[in-house]
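In short: position in the sequence shown from 1, add 1317, done, that's the working numbering. Even for Gly, the Cβ is constructed at its ideal location relative to N, Cα and C.
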Amino acid sequence: MKWFFILLLFPLAGLSQKETCDLLIINGKIIDGTGNSWYYGNVAIKNGKIIKMGRDVSFPAIKTIDAKGLIVSPGFIDVHTHLEGDEEKDPMTQSFIYDGVTTCISGNCGASNVDIGKYLRWVDSLKLSINIATLIGHNDVRKAVMGRANREATAEEMKQMEAIMDKAMKEGAVGLSTGLIYIPGTYTKTPEIVSLAKVAARYNGIYASHMRDEGDSVTYAIQEALTIGREANIPVEISHFKLSGQQNWGRSRETVPMIEAARKEGIEVTIDQYPYTASSTSISTLIPDEILADGQDSIKARLQRPAVRKYVIRSMLERLKKRKLKHFGYAVVANYTPDPSYNGKSIEQINLMKGRKHKAADEALTVIDIMMNGGASAVFHGMSEDDVKRIMKYPFNMFASDASIRVLNSGVPHPRGYGTNARVLSKYVREEKVLSLEEAIRRMTSLPAQTFQLKDRGLLKEGMAADIVIFNENEVKDISTFEKPHAYSKGFRYVIVNGIVTVENEKHNGNRAGIALFGPGSAK
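Laid out in structure tokens, this is it:
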């Protein structure tokens, strides 16, 4: 009897006090990231994790979001970004988070911080609004050991590069990336990459590649990537899968079946793409590779020689002829520091601004002038919409911006840095019905998480990290255009990162709850 009265006065924990949650999302159309159809339900979140899901879920909550009429999905994972050096420009990462992105994979195209442990600790201390995972970039590993030298690595240099790779994987890199059209990656032969990929494979990493060619020699480049995967026994992720140049339009009928055949063979290969018909990279890619060795001083010295200038112009004209074009109007300057008036104008237009003749040879000379002054970033128009759609239909293809953190009104960059996911959901899902909504979200969430082994991301499931996007499927839209790129996407009502509401009623509230995410080789 005494214990009965004690229980009345002091009830056992859990008998009368219902568990509370930090955030409760109710009445949403849940698309969980698996590719399954949506269903109505509620989501309870506590301490940054999803603790309960279902139609009957009800908790006392500190905050409740009524998602009636809205889609509730996992936060989007952008598998191909270039954040290095831009993190402090906008720690709120508005260009990404307004597009529904909660996690970015950085370190792509062979470019990364070499000290991965230091970088990830710094990312954690900076507190961005999104989560960051990173690859270790081959180009920067090579530069750390042998600069921009145009030669094969010695045995001793290979040991040094492998040691850097080993340390990076232990410190949390998710894999190795290459940029084989960039210096010094373009000088590297396949066996060197295989050796470094084997190091990444020991720690269950991935091999992500900007291939050696995405135009005329694209099938050779795909075979090289697959060979590296086969010989190193490592999963392969081919970056921004596309066909460059008008002469290559339609060749996705060749390239996509190559990926399908590789998977049938047993190679774990995936691809990603941005949903646009223009690429963006350095204007230096118009210049022959051998001219670009050993740094800006060497480049400038070479380009000052009359014989070299003639060779470069001839090479550029040959490339233009292959594209079946008469002018360099397809190349548009995005950011040129010495003269911002070039920004947003094509090489053809800039050439005329300089008072030169309306001839391709003079336009090539204008490119040389830009390179003499340090180069520029540019947008290159030259892909087929039919190829974009055909590649998009491939089921093991993810979406990626291939972008840095955008700063409003800085330069005239590619719109993919603002609107990649919104463009897929509005143009290719809602309007053109290339994909179903559920399939598009799978490509943005669970497929990236599986590919890069982000084990607690990419799904709406009990126990998973609460990275969540809530949006109106009928209103979501990309606003950014090539002419006016500086515009955030519309329709993403709420974005939640690690359980913290960061975008509320389409406005960033200043929260910065992102963390560094570590690869499978890390002891962390």
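Using 8 Å as the cut-off, can you tell me whether the region 1488-1501 makes contact with the region 1522-1530, which would need three or more C-beta pairs spanning the two stretches below that distance?
yes
With C-beta atoms as the reference, is residue 1768 less than 7 Å away from residue 1606?
no
DSSP three-state call for residue 1328: helix, strand or coil?
Reliability fails at residue 1328, whose pLDDT of 43 lies under 50, so the model's placement of it is uncertain and no value is given.
Considering only the alpha carbon of each residue, which of 1729, 1633, 1784, 1370 lies closest to residue 1850?
Since the first residue of the chain shown is 1318 and the last is 1841, residue 1850 is not available in this structure.
Decide if residue 1461 is buried, meaning its Cβ has at least 16 other Cβ atoms within 10 Å, or exposed.
exposed
For residue 1537, count neighbouring C-beta atoms within 10 Å of its own C-beta (all shown protein chains included) and say buried if the count is 16 or more, exposed if not.
exposed
Measuring straight from C-alpha to C-alpha, what distance separates residue 1384 and residue 1835?
32 Å
Could you give the distance in angstroms between the alpha-carbon of residue 1594 and the alpha-carbon of residue 1731?
11 Å
Own chain residues within Cβ distance below 7 Å of residue 1604, not counting five before or after:
1629, 1688
Between the C-alpha atoms of residue 1432 and residue 1438, what's the straight-line distance to the nearest angstrom?
10 Å
For residue 1657, does the count of other Cβ atoms within 10 angstroms reach 16, so buried, or fall short, so exposed?
exposed
Spatial neighbours of residue 1329 within its chain, please: C-beta separation below 6 Å, excluding the five flanking residues on both sides.
Below a pLDDT of 50, predicted positions are generally treated as unreliable, and residue 1329, at 40, falls in that range; the measurement from the model is reported next regardless. Same-chain partners within the cutoff: there are none.
For residue 1752 and residue 1811, what's the separation of their Cα atoms in angstroms?
23 Å
Straight-line CA distance for residue 1447 to residue 1774?
13 Å
Compute the distance between the beta-carbons of residue 1406 and residue 1783, then report whether it is under 7 Å.
no
Please report the Cβ distance between residue 1441 and residue 1833, rounded to the nearest whole angstrom; I am assuming they are in contact, meaning their Cβ atoms lie under 8 Å.
5 Å
Please list the segments of the alpha helix (DSSP H) lying wholly inside the region 1556-1640, counting only runs of 4 or more residues, in order along the chain.
1569-1582, 1613-1620, 1623-1639
Please state whether DSSP places residue 1413 in a helix, a strand or coil.
helix
Report buried or exposed for residue 1801, applying the criterion of at least 16 other Cβ atoms within 10 angstroms of its Cβ.
exposed
In three-state DSSP terms, what is residue 1706?
helix
Could you pull out every residue in the same chain whose Cβ sits closer than 8 Å to the Cβ of residue 1378, ignoring the five residues on either side in sequence?
1337, 1338, 1339, 1340, 1341, 1361
Supposed close pair residue 1517, residue 1551 - CB separation, criterion 8 Å
6 Å
Can you give me the Cβ contacts of residue 1669 inside the same chain, cut-off strictly under 8 Å, excluding the 5 residues immediately before and after it?
1675
Using beta-carbon positions only, say whether residue 1807 and residue 1824 come within less than 7 Å of one another.
no
For residue 1517, write down the residues that DSSP places opposite it in a beta bridge.
Residue 1517 pairs with nothing; no bridge assigned.
Among residues of its own chain, excluding the 5 on either side of residue 1829, which ones have a beta-carbon nearer than 7 Å to its beta-carbon?
1408, 1409, 1444, 1445, 1446
Suppose you measure from the CA of residue 1867 to the CA of residue 1816; what does that come to, to the nearest Å?
Look at the range of the chain in this structure, 1318 to 1841, and you will see that residue 1867 is not part of it.
Out of 1809, 1771, 1566, which has the shortest C-alpha to C-alpha gap to residue 1787?
1809
Should residue 1356 go down as buried or exposed, given a rule of 16 or more other Cβ atoms within 10 Å for buried?
exposed
Mind checking whether residue 1427 and residue 1534 have CB atoms under 7 Å apart?
no
Enclosing beta strand (DSSP E) for residue 1677 [first to last residue]:
Premise fails: residue 1677 lies in the alpha helix (DSSP H), 1677-1689, not in any beta strand (DSSP E).
Does residue 1370 come out as helix, strand or coil in the three-state DSSP assignment?
strand
Pick helix, strand or coil for residue 1384, following the three-state DSSP scheme.
coil
Beta-carbon separation of residue 1777 and residue 1349 under 7 Å?
yes
So what does residue 1341 bridge to, in DSSP terms?
1361, 1381
Beta-carbon within less than 6 Å of residue 1865's beta-carbon, same chain only, minus the 5 sequence neighbours each way: which residues are those?
The chain is shown only over 1318 to 1841; residue 1865 falls outside these bounds and no answer can be derived.
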